[in-house]
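Participant: The structure's right below; bear with me while I get my questions together.
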Amino acid sequence: MFESLRRRVRDARRRASALERRRSSEARHWLAETSNLTHASVLVFVPLLIGFVTLLSNELQLVSFLLFPPLASGTYTLFAHPEGTYANPWKFVGGLSLGAFCGWVAIEFTALFTAPAAGGGVLWEVHAWAAALAIFLTGVLTWYLDLEEPSAFSTALLVLLTDPGRFIDVAGIAVSTSVVYVVTVALSTSIIAAVFVVWRSELYERRARYLYSTTQADDHVLVPVRDDVGAPTAMFGARLAAAHDAGKVVLLDVVDDEAIAAAERRLLDERDDVDLGTENPDVGDDADVRALAERNAADDAAAELERRAARIETRVGVPCEVVVSVEPDLSASTLLDVARDTNCDLVATPLERETDGTPTRFVRDLFRSDIDTIAFDATGERTNWKRVMVPVRTAGPLAHAMVDYAERLAGRAGTVSVCTCIGDERSRRDAESTLADLTETADARCETRVSRATLGEFVSRNDSHYDLVILGAPTRGTRFSTPEAFEYAREIETDVAVVHTR
1 MFESLRRRVR
11 DARRRASALE
21 RRRSSEARHW
31 LAETSNLTHA
41 SVLVFVPLLI
51 GFVTLLSNEL
61 QLVSFLLFPP
71 LASGTYTLFA
81 HPEGTYANPW
91 KFVGGLSLGA
101 FCGWVAIEFT
111 ALFTAPAAGG
121 GVLWEVHAWA
131 AALAIFLTGV
141 LTWYLDLEEP
151 SAFSTALLVL
161 LTDPGRFIDV
171 AGIAVSTSVV
181 YVVTVALSTS
191 IIAAVFVVWR
201 SELYERRARY
211 LYSTTQADDH
221 VLVPVRDDVG
231 APTAMFGARL
241 AAAHDAGKVV
251 LLDVVDDEAI
261 AAAERRLLDE
271 RDDVDLGTEN
281 PDVGDDADVR
291 ALAERNAADD
301 AAAELERRAA
311 RIETRVGVPC
321 EVVVSVEPDL
331 SASTLLDVAR
341 DTNCDLVATP
351 LERETDGTPT
361 RFVRDLFRSD
371 IDTIAFDATG
381 ERTNWKRVMV
391 PVRTAGPLAH
401 AMVDYAERLA
411 GRAGTVSVCT
421 CIGDERSRRD
431 AESTLADLTE
441 TADARCETRV
451 SRATLGEFVS
461 RNDSHYDLVI
471 LGAPTRGTRF
481 STPEAFEYAR
491 EIETDVAVVH
501 TR
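Going letter by letter, the sequence shown gives residues 1 to 502 in UniProt numbering.
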C-alpha cells in the first residue's frame, strides 16, 4: 500500500517537473522574439518606474503630477524601441529637461509684458504667446543641441500650468514651483535613464546569452561517420564546435553485421590456413571467432576514427573523441543515447536521402527528437565556409540559432547574409526591422536583404555566390513544415545545412 502511494507521488512529481520544464521552455521561446521581449519589458519596467517616481512625489511633496504624462510616454519610448532614434538616455534626460526649462523661460518672459492671471497655484488659463514661445524655444534648442525628444514638447507646455508666483520651501529656501518642476524633471528622468541603461546593456543587448540556447550551448558536437559519407560533415561539425572555447567533437561509428562478417571471414581464413603457418592461436570454435571478429572490427573502426580525429584536431584545433558502437545498423535512438552519454548537445549528420530524394528515416527521426540537429549536404570538399546565406521568415529561436551557426562558421573575417522574402512593399519596413533584430546580436559582419521573390526563386538565383546556405526546419504548427525545407535543400547547388532546434 505504502509502496503504491510512494510510486504515485513520484509519478505526480515527475509529471509536475516535466510540465514546469515545458512551460519554462515555452516562455523562453516566446521571449526569444525580440518584439515580445520589448513588450514584456514595457509591461514590467514602465509601471514600476512610474510607480517609484509617484512614491517619491508622495514622500517628498515636490514632484508635480504634471510631470507624469511626459515621463510615462518617454519611458515607454525607451523600452519599447531600445534601438530606435529616441532610445538615447542623454536625449531623454536632456530633451525633457530642456523642454521644461524652455517652458519656464516662456513663463518668465511673458510675465514681463502681461498682467499675472489669478489662480490658486495653478494657472488654468495659459497665455497663448507663452505656449507658442515655449514650443518654439523647445524646437530650436533641442534641434541645435541634438536633443530632439517628442516628450520634451509636453514638459514645455505642462510647466505653463504651474504658478510662478507660488513658492515652495526647499531646505529653508523659497523656490518657485516652476523651477521645482524643471529640477524634478531632470532628477526623475535621470533615474529612469539609469535604469534603462542597465537594462539595455545587461539584458537586452545580451539577450542572446540568456534566451538563445545555441549561443552558449551546442559546443559539444556529435557526428556519425560511416565510410566516407561523414567526412565533410565531421569537418563542418568541428568548425561549429571550434567557435566555443569549451567545444569538442565526438565522432561515432557503428560496427554493423557486414563489418563483423568481413572480420569473421578473415579470421576463419587464418584458422584454416595452417599450411602457410599463419594459424591464429586465439581462434577456437565459432563462438570465439564471432567474439574476436567483433573486437577486431571495433578496433579497426576505432583506429580509422582516431586517424580522422587527429586530422581534425590538426586542421581545426578542436578536441576530438571517438566512440564505436556494435549495432546491426545506426539508428536515431542509438545516436541519441550516445549523445546523452557523451554530453553532446548538437548532432551534425550527413543529409542522407532515399532514392526519391526524400530524407531517410534516420534523418527524419533525428528531426523529431529533443536534441538540436543539423543535416549537412556537401557538394564538394570545402572545409571553410566564409560566405553564408541564412533565409529566415521570423525572428524566433530557430532563426537566431541559424544566425548563430552562420556566425560561428563565417568568423570575424567572413560575411553572413540574413535574408527574407515579402509579398508586397507594405511589408518591407517590418521585414527590415525583423532582420535588424536578428543581426544586432551577432558579432560577425552581417548584411540584410529583403526580396519580393519567393524563397525558392531567391535562393536559386543567389546560392552560387555563397559557400553555404542554412535553412530552418520549423516544427509542426508553423506555416511551413520540415519536408519543405528538405525540398529547398535538394535544389540548392552549393553546400546546404538544414537546422532543427528543440
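Beta carbons are placed, not taken as given, at the ideal position from N, Cα and C, and that holds for glycine.
1. Is it buried or exposed for residue 490, if we count other Cβ within 10 angstroms and need 16 for buried?
2. Measure the alpha-carbon distance for residue 68 versus residue 111 and round it to whole angstroms.
3. Could you spell out where the alpha helix (DSSP H) holding residue 404 opens and where it closes?
4. Count the other CB atoms, across all protein chains shown, that sit within 10 Å of the CB of residue 354; report buried if there are 16 or more and exposed otherwise.
5. Under 6 Å Cβ to Cβ from residue 406, same chain only, skipping five residues before and after it: list those, please.
6. Tell me the DSSP secondary structure of residue 346 in three-state form.
7. I need the straight-line Cα distance from residue 429 to residue 39, nearest angstrom please.
8. Give me the Cα-Cα distance between residue 338 and residue 150, rounded to the nearest whole angstrom.
9. Hey, could you find the ends of the beta strand (DSSP E) residue 140 is sitting in?
10. What separation, rounded to the nearest whole angstrom, lies between the Cα atoms of residue 206 and residue 55?
11. Please look up how many angstroms separate the CB atoms of residue 410 and residue 386, rounded, as I've assumed it's under 8 Å.
12. Among residues of its own chain, excluding the 5 on either side of residue 131, which ones have a beta-carbon nearer than 7 Å to its beta-carbon?
13. Quick check: what's the CA-CA separation for residue 330 versus residue 362?
14. Apart from the five residues just before and just after residue 370, which ones in its own chain have a Cβ nearer than 6 Å to its Cβ?
15. Kindly indicate the opening and closing residues of the beta strand (DSSP E) around residue 113.
16. Is residue 326 near residue 250, with beta carbons less than 9 Å apart?
17. Starting from residue 451, trace the beta strand (DSSP E) both ways and give me its first and last residue.
18. Give me whichever residues DSSP pairs with residue 70 in a beta bridge.
19. Could you name the residues of the same chain whose beta carbon sits closer than 7 Å to that of residue 302, not counting the 5 residues immediately before and after it, in chain order?
20. Alpha carbon to alpha carbon, how far is residue 101 from residue 455? Give it in angstroms, no decimals.
21. Using a Cβ-Cβ cutoff of less than 6 Å, which residues in the same chain neighbour residue 143 once the five nearest sequence positions on both sides are dropped?
22. With a threshold of 6 Å on Cβ separation, who are the neighbours of residue 451 within its own chain once the five nearest residues in sequence on each side are excluded?
23. Between the beta-carbon of residue 145 and the beta-carbon of residue 78, is there less than 9 Å?
24. Rounded to the nearest angstrom, what separates residue 365 and residue 73 at their Cα positions?
25. Between 304, 162, 192, 319, which has its C-alpha nearest residue 238's C-alpha?
26. Less than 8 Å between the CB atoms is what I'm expecting for residue 376 and residue 233, so what's the real figure, rounded?
27. Quick check: what's the CA-CA separation for residue 198 versus residue 463?
28. Among 137, 195, 96, which has the Cα closest to the Cα of residue 154?
29. With DSSP as the reference, label residue 351 as helix, strand or coil.
30. Between residue 372 and residue 500, which are expected to be in contact by the criterion C-beta below 8 Å, what is the C-beta distance as a whole number of angstroms?
31. Which residues does DSSP pair with residue 472 in a beta bridge?
32. Under a three-way DSSP split, which group does residue 375 fall into?
33. For residue 444, collect the residues of the same chain with a Cβ closer than 8 Å to its Cβ; drop the 5 residues on either side in sequence, then sort them by chain order.
34. Using 8 Å for Cβ pairs, my map puts residue 162 next to residue 178. What's the rounded Cβ distance?
35. Go ahead and pull the three-state DSSP assignment for residue 232.
36. Go through its chain and collect everything with a Cβ distance to residue 141's Cβ below 8 Å, but skip five positions before and after it.
Facilitator: Looking at the atomic coordinates:
1. exposed
2. 26 Å
3. Element bounds for residue 404: 397-410.
4. exposed
5. 388, 390, 416, 470
6. strand
7. 19 Å
8. 58 Å
9. Residue 140 -> not in any beta strand (DSSP E); alpha helix (DSSP H) instead, spanning 128-144.
10. Going from the Cα of residue 206 to the Cα of residue 55 covers about 31 Å.
11. 6 Å
12. 157, 160
13. The alpha-carbon atoms of residue 330 and residue 362 are separated by roughly 8 Å.
14. The residues are 502.
15. No beta strand (DSSP E) contains residue 113, which DSSP labels as neither H nor E.
16. In this structure, residue 326 keeps its C-beta atom at 9 Å or more from the C-beta atom of residue 250.
17. Residues 445-451.
18. None, per the DSSP bridge assignment.
19. 322, 324
20. 54 Å
21. none
22. 421, 458
23. A distance of 9 Å or more separates the beta carbons of residue 145 and residue 78.
24. If you draw a straight line from the Cα of residue 365 to the Cα of residue 73, it is about 50 Å long.
25. 319
26. 5 Å
27. 41 Å
28. 96
29. coil
30. 7 Å
31. Beta-bridge pairing by DSSP links residue 472 to 499.
32. strand
33. 406, 407, 410, 411, 412, 414, 415, 416
34. 5 Å
35. helix
36. 98, 102, 147
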